[in-house]
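*Asks:* The listed protein sequences correspond, in order, to chains A and B.
Note that my numbering gives residue 204 to position 180 of the first sequence, counting from 1, and the numbers run on in steps of one.
Note that my numbering gives residue 229 to position 205 of the second sequence, counting from 1, and the numbers run on in steps of one.
2 protein chains.
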Amino acid sequence: MGAAVFGAGGGGDPLIGSLMAGKAIADHGPARLVDLDELDDDDLILPAAMVGAPTVMGEKFLSGDEGSRIRERIENELGRKVAAYSSAELGGVNGVIPVTWAAIDGLPIADCDLMGRAFPELQMTTAVLAGVDINPVVMTDERGNIVSFKTCTPEWAEALVRTVVGAMGGEASMCLYPMTVAQAKEAAVPRSMSRAIEVGRLLLEADDDPVGALCQAVDGFALVTGKVVDVDRQTTEGFAKGSAVIEGVGPDSDRLLRMEFQNENAVLIEDGKVLASVPDIITAVDIHTARPIVTEQLRYGQRVSIVALPCDPVWRSEKALALAGPQAFGYDISYVPVEEIHD
Amino acid sequence: MGAAVFGAGGGGDPLIGSLMAGKAIADHGPARLVDLDELDDDDLILPAAMVGAPTVMGEKFLSGDEGSRIRERIENELGRKVAAYSSAELGGVNGVIPVTWAAIDGLPIADCDLMGRAFPELQMTTAVLAGVDINPVVMTDERGNIVSFKTCTPEWAEALVRTVVGAMGGEASMCLYPMTVAQAKEAAVPRSMSRAIEVGRLLLEADDDPVGALCQAVDGFALVTGKVVDVDRQTTEGFAKGSAVIEGVGPDSDRLLRMEFQNENAVLIEDGKVLASVPDIITAVDIHTARPIVTEQLRYGQRVSIVALPCDPVWRSEKALALAGPQAFGYDISYVPVEEIHD
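(1) Using a beta-carbon distance below 8 Å, is residue 76 of chain A in contact with chain B?
(2) Cβ closer than 8 Å: which chain B residues qualify as neighbours of residue 169 of chain A?
(3) Going along the chain, which unbroken runs of the alpha helix (DSSP H) with 4 or more residues stay wholly within the region 202-287 of chain A?
(4) What are the residues that DSSP puts in a beta bridge with residue 173 of chain B?
(5) If I'm right that residue 152 of chain A touches residue 163 of chain A with Cβ under 8 Å, what's the distance once you round it to whole angstroms?
(6) When we look at the beta-carbon of residue 195 of chain A and count the other beta-carbons within 10 Å, is it buried (16 or more) or exposed?
(7) Contact defined as beta carbons within less than 8 Å: I believe residue 40 of chain A pairs with residue 117 of chain A. What is the distance between those atoms, to the nearest angstrom?
(8) Entirely within the region 306-342 of chain B and at least 3 residues each: give me those beta strand (DSSP E) ranges in chain order.
(9) Please list the partners that residue 88 of chain A has in chain B, where partner means a Cβ-to-Cβ separation under 7 Å.
(10) What does residue 191 of chain A touch in chain B if you count any residue whose Cβ is under 7 Å from its own?
(11) Excluding sequence positions up to five away, which residues of its chain have a Cβ less than 6 Å from the Cβ of residue 34 of chain A?
(12) Taking the CB atoms as reference points, tell me whether residue 68 of chain A and residue 202 of chain A lie closer together than 8 Å.
(13) Determine which residues share a DSSP beta bridge with residue 133 of chain A and list them.
(14) What would DSSP say about residue 299 of chain B, mapped onto helix, strand or coil?
(15) So, using beta-carbon positions, are residue 333 of chain B and residue 148 of chain B closer together than 8 Å?
(16) Specify, as a first and last residue, the run of the alpha helix (DSSP H) that residue 99 of chain B falls within.
(17) Is the separation between the beta-carbon of residue 66 of chain B and that of residue 211 of chain B shorter than 8 Å?
(18) Please check the pair residue 173 of chain A and residue 181 of chain A, which I expect to be a contact at CB under 8 Å, by giving their CB distance rounded to whole angstroms.
(19) Is the CB-CB distance between residue 71 of chain B and residue 37 of chain B below 8 Å?
(20) Using the three-state DSSP reduction, which class does residue 145 of chain B fall into: helix, strand or coil?
(21) Should residue 229 of chain B go down as buried or exposed, given a rule of 16 or more other Cβ atoms within 10 Å for buried?
(22) So residue 76 of chain B and residue 255 of chain B are in contact, right, with Cβ under 8 Å, and what is the actual spacing, rounded?
(23) Let me confirm a value: residue 337 of chain B is counted as buried when at least 16 other C-beta atoms fall within 10 Å, else exposed. Which label applies?
(24) Taking only the alpha-carbon atoms, compute the straight-line gap between residue 320 of chain A and residue 267 of chain A and give it to the nearest angstrom.
(25) When the Cβ atoms of the region 131-146 of chain A are set against those of the region 52-63 of chain A, are three or more pairs found closer than 8 Å?
(26) Looking at the structure shown, is residue 190 of chain A part of a helix, part of a strand, or coil, going by DSSP?
(27) In the DSSP assignment, what residue or residues form a beta bridge with residue 195 of chain A?
(28) Give me the residue from A/175, A/185, A/191 with the minimum Cα distance to residue 179 of chain B.
(29) Which of helix, strand or coil does DSSP assign to residue 38 of chain A?
(30) Can you grab the Cα-Cα spacing for the pair residue 100 of chain A / residue 240 of chain B, in whole Å?
(31) Should the region 289-306 of chain B be regarded as contacting the region 358-367 of chain A, the criterion being three or more beta carbon pairs within less than 8 Å?
(32) Could you pull out every residue in the same chain whose Cβ sits closer than 8 Å to the Cβ of residue 60 of chain A, ignoring the five residues on either side in sequence?
(33) Within 10 Å of its beta-carbon, does residue 186 of chain A have 16 or more other beta-carbons around it, so buried, or fewer, so exposed?
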């Protein structure tokens, strides 16, 4: 659940993630979360992810051996062993998928990810900012098909992987940006898994004003409290794209906001004014429990609080904004940090 | 040109194939065609092909190093050297692409192919009939992207390769069904390259009744002489699909035929009667020179003779017809060998 807060509505339904991880841990024992400093600099880390439309994940379930199949393939290609899995992105499923794979394979999980949040496209990573190669990218489906990519650019990886995801039924498992621990120390967001765990624990324990407690824990802003009155969502080309309209309730009566998403929530708009935008993290949470609601679960009538929190600072450079700022998502607006808009 | 006769309208424009091969031979010297018996049984043969819509090949040209890139990748994956290229299918480009790659790499060409003609889909091969694995399948584009597949079935290879072809721009280079010479002796159509060369030579030399000379050489039937009066062609999903209408001229006046194609010509129909169908080979040739006209070059006003010739006998078993007979192309008709229809 904590990963889903940082997932900005993307990265998959936390229920599915926890079911998979729970089964893997019950069958194989727990996976150990380790700090990068606990590993050797030369150790190989394999960032793991599900790719495709989160809407499909609840219908087309995994077979369970995807991680092992990908790891064996990458070990053959690189001629060396994988020392640890990591999350490629925080998100409801993707924050937890390395737990599943690590438990099954008896490997540790490196405490880092490549976004500090979830993003919809493969090139939107801190690894690209640090110049780490995305290749080889290996993906597999629940049937056992394996596809390995060596691409000219991360954008080509995104284009080719996305089309194969479609042919595989809209969702697949993958690894990307295999890197050494030394590289991860430069190219990954450190301690993001343990931060997600802390936030998840807080959500489980908070009983008085959970939304307020969440905002305090993540330096976030509860930008509106309201009711979902419309959801327009299309599962297309390996993405779930669309928008939700939120009508304010209580003290926010008479307010009307639109939240647009491409797997992840990208912008929150009110009366033509941008209240928050990528790369900052916009997450819809339950009004009473502050538990995150992923985009594929948004539906008419839900009472939600829209929380926005600052992204990892690495995303605020000019280079990073070119990769994952509003304009990378097709919005002709300038990024303003969420805390500058609302402080 | 000979390969294009067997190509049934598919496998690409022979002009493009000969330009590529001519340049490779001018730059690197000729490639040697060798019989399977001249190679060691354990030698590795790499069947080569362009994949995608032939219509795209004339617009999106190769960079030249596709073959070497694919060969190096497959040698790394299999841990052994490639001894010879072969054609994966006879066709205007695909009959000649191994000449290009072999000349550049200084390797011989094994005198065989996997269809004895051209077919639109990757599973429609004699290798499948003989139980040879299609994997690994390696494809690349002119930019240098490499994708390697290990698929559950040849049909999955077809589905995944086809979608990547689309993302790469509608056309790509590939190898598939890497096999030993011992396997090729069971799984390939032998001496098809030398047969194509003989037919090509005949077309260059024939000056009196070339269509008749061609039919005699390939046991073919000239089923109509006419004018192309309509062509409906769509380049979609990595295929060129459509049909051509031929109006008889001279002794064939008052006849009206429709030829339907999916990269290759699949059926020839007159008044609801099937005059020829896959897996037999239907090829449109120039009325005066008997030179083959590939489907992407069919256009209004052309004077053509439609020639049909028997496929390799391997395609006439029940199992083979299930793989590449009329019903595999969506036609609810029973296959009748062309020589039974017209003798």
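Even glycine gets a Cβ: it sits at the ideal position worked out from N, Cα and C.
*Replies:* Once the coordinates are examined:
(1) The count along the first sequence starts at 1 and reaches residue 76 of chain A at position 52. It does not: the Cβ of residue 76 of chain A has no partner Cβ on chain B nearer than 8 Å.
(2) The residue you call residue 169 of chain A lines up with position 145 of the first sequence. In chain order: 173, 174, 175, 176, 180, 184.
(3) If we require 4 residues or more, the alpha helix (DSSP H) runs fully inside the region 202-287 of chain A come out as 205-211, 216-229, 234-242.
(4) What you label residue 173 of chain B is simply residue 149 of the second sequence in a count that begins at 1. Partner(s): A/171, B/161.
(5) Translated into positions along the first sequence, residue 152 of chain A becomes position 128. Translated into positions along the first sequence, residue 163 of chain A becomes position 139. Wrong, their Cβ atoms sit about 18 Å apart, outside the cutoff.
(6) Start at 1 with the first residue of the first sequence, and residue 195 of chain A comes out as number 171. Buried is the call here.
(7) Working through the first sequence from its first residue, we reach residue 40 of chain A at position 16. Working through the first sequence from its first residue, we reach residue 117 of chain A at position 93. Correct: roughly 6 Å between the Cβ atoms.
(8) 327-333
(9) Here residue 88 of chain A is taken as the residue at index 64 of the first sequence, counted from 1. Going along chain B, no residue has its Cβ under 7 Å from residue 88 of chain A, so there is no contact; the nearest lies around 16 Å.
(10) For the purposes of this step, residue 191 of chain A is taken as the residue at position 167 of the first sequence. Simply 183, 184, 187.
(11) Looking up residue 34 of chain A in the first sequence gives position 10. Once the five neighbours on either side are set aside, the close Cβ partners of residue 34 of chain A are 115, 142, 287, 288.
(12) Translated into positions along the first sequence, residue 68 of chain A becomes position 44. Translated into positions along the first sequence, residue 202 of chain A becomes position 178. In this structure, residue 202 of chain A lies closer than 8 Å to residue 68 of chain A by Cβ.
(13) The sequence position of residue 133 of chain A within the first sequence is 109, counting from 1. Note: residue 133 of chain A sits in a beta bridge opposite A/57, A/109.
(14) Translated into positions along the second sequence, residue 299 of chain B becomes position 275. Three-state DSSP puts residue 299 of chain B in a strand.
(15) Reading the second sequence from its first residue, position 309 is the one you call residue 333 of chain B. Reading the second sequence from its first residue, position 124 is the one you call residue 148 of chain B. For residue 333 of chain B and residue 148 of chain B, no; Cβs fall outside 8 Å.
(16) Your numbering for residue 99 of chain B matches position 75 in the second sequence. Residues 90-102.
(17) For the purposes of this step, residue 66 of chain B is taken as the residue at position 42 of the second sequence. For the purposes of this step, residue 211 of chain B is taken as the residue at position 187 of the second sequence. No.
(18) Counted from its first residue, the first sequence places residue 173 of chain A at position 149. Counted from its first residue, the first sequence places residue 181 of chain A at position 157. Between residue 181 of chain A and residue 173 of chain A the Cβ distance is about 6 Å, and since that is below 8 Å, they are a contact.
(19) The residue given as residue 71 of chain B occupies position 47 in the second sequence. The residue given as residue 37 of chain B occupies position 13 in the second sequence. In this structure, residue 37 of chain B does not lie closer than 8 Å to residue 71 of chain B by Cβ.
(20) Numbered from 1 along the second sequence, position 121 holds the residue referred to as residue 145 of chain B. In this structure, residue 145 of chain B counts as coil in the three-state DSSP scheme.
(21) Here residue 229 of chain B is taken as the residue at index 205 of the second sequence, counted from 1. Residue 229 of chain B comes out exposed.
(22) Translated into the one-based positions of the second sequence, residue 76 of chain B becomes position 52. Translated into the one-based positions of the second sequence, residue 255 of chain B becomes position 231. With a Cβ gap of about 20 Å, residue 76 of chain B and residue 255 of chain B do not count as contacting.
(23) Here residue 337 of chain B refers to the residue found at position 313 of the second sequence. Result: exposed.
(24) The sequence position of residue 320 of chain A within the first sequence is 296, counting from 1. The sequence position of residue 267 of chain A within the first sequence is 243, counting from 1. Using only the alpha carbons, I get a separation of about 11 Å.
(25) Contact holds: three or more Cβ-Cβ distances are below 8 Å.
(26) Reading the first sequence from its first residue, position 166 is the one you call residue 190 of chain A. Three-state result, residue 190 of chain A: helix.
(27) Counting from one through the first sequence, the residue named residue 195 of chain A turns up at place 171. Residue 195 of chain A is bridged to A/76.
(28) Numbered from its first residue, the second sequence carries residue 179 of chain B at position 155. Comparing Cα-Cα distances from residue 179 of chain B to each of A/175, A/185, A/191, the minimum goes to A/191.
(29) For the purposes of this step, residue 38 of chain A is taken as residue 14 along the first sequence, with counting starting at 1. Of the three classes helix, strand and coil, the one that applies to residue 38 of chain A here is helix, per DSSP.
(30) In the first sequence, residue 100 of chain A corresponds to position 76, counting from 1. In the second sequence, residue 240 of chain B corresponds to position 216, counting from 1. Their Cα atoms are separated by approximately 53 Å.
(31) Between the region 289-306 of chain B and the region 358-367 of chain A there are fewer than three inter-stretch CB-CB distances shorter than 8 Å, so the stretches are not counted as touching.
(32) On the first sequence, position 36 is the one that residue 60 of chain A refers to. If we look at residue 60 of chain A and ignore the five residues flanking it on each side, its Cβ neighbours are 134, 135, 136, 205, 208, 209, 212, 214.
(33) In the first sequence, residue 186 of chain A corresponds to position 162, counting from 1. So residue 186 of chain A ends up on the buried side.
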